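Peer 1:
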Amino acid sequence: MVKWFKEVLKISPETLKANLNIYPQQNEQEIKQFWSELTGIPLENFGKSYIKPLSKGYKKNNLYYGTIKIRVLKGTNLRYRVFG
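In our numbering, the protein residues as written are 31 to 114.
(1) Just list the residues that DSSP pairs LEU46 with in beta bridges.
(2) Whole angstroms is fine: what's the gap from THR69's alpha carbon to LYS86's?
(3) Just to confirm before moving on: does the CB-CB distance between LEU39 and ARG111 stay below 9 Å?
(4) How far does the alpha helix (DSSP H) with VAL32 in it reach, from first residue to last?
(5) Can you name, in chain order, every residue of its own chain whose Cβ lies under 6 Å from the Cβ of LYS99, other than the five neighbours on each side?
(6) Do you know offhand how far VAL32's Cα is from PRO43's?
(7) Using the C-alpha atoms, what's the distance from LEU73 back to SER66?
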């Protein structure tokens, strides 16, 4: 998705903001570093991470690097360009 932002929409990674969904046993800084290197989004552009509380229910696959949500800062004009 970030590649699409860069190549098709000509958006720099500095204009993207990211948030993570992780589990309590995971190292937040290590995971932020991983996603920053993978996406090119600066660490300063990462917001507060959501840490999913542990439950007593059966756990399925824990994603080691969690999941990432990416949004474009001040993206109103971009939205108009994409949706016509």
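Ideal placement from N, C-alpha and C gives every residue a C-beta, glycine not left out.
Small disclaimer: the values here were computed from a predicted structure and weren't measured.
Peer 2: Taking the geometry as given:
(1) As a first step, residue 46 must be located in the sequence shown, where it is residue number 16. Partner(s): VAL102.
(2) Residue mapping note: residue 69 aligns to position 39 of the sequence shown, counting from 1. Residue mapping note: residue 86 aligns to position 56 of the sequence shown, counting from 1. Looking at the two C-alpha atoms, the distance is approximately 33 Å.
(3) Your numbering for residue 39 matches position 9 in the sequence shown. Your numbering for residue 111 matches position 81 in the sequence shown. Closer than 9 Å, so yes.
(4) As a position in the sequence shown, residue 32 is number 2, starting the count at 1. Start and end: 32-37.
(5) Here the question's residue 99 lines up with position 69 in the sequence shown. Counting only Cβ-Cβ distances below 6 Å, and skipping sequence neighbours, we find ASN49.
(6) Position 2 of the sequence shown, counting from 1, holds the residue named residue 32. Position 13 of the sequence shown, counting from 1, holds the residue named residue 43. Cα to Cα, VAL32 sits roughly 8 Å from PRO43.
(7) Position 36 of the sequence shown, counted from the first residue, corresponds to residue 66. Position 43 of the sequence shown, counted from the first residue, corresponds to residue 73. Roughly 6 Å between the two C-alpha positions.
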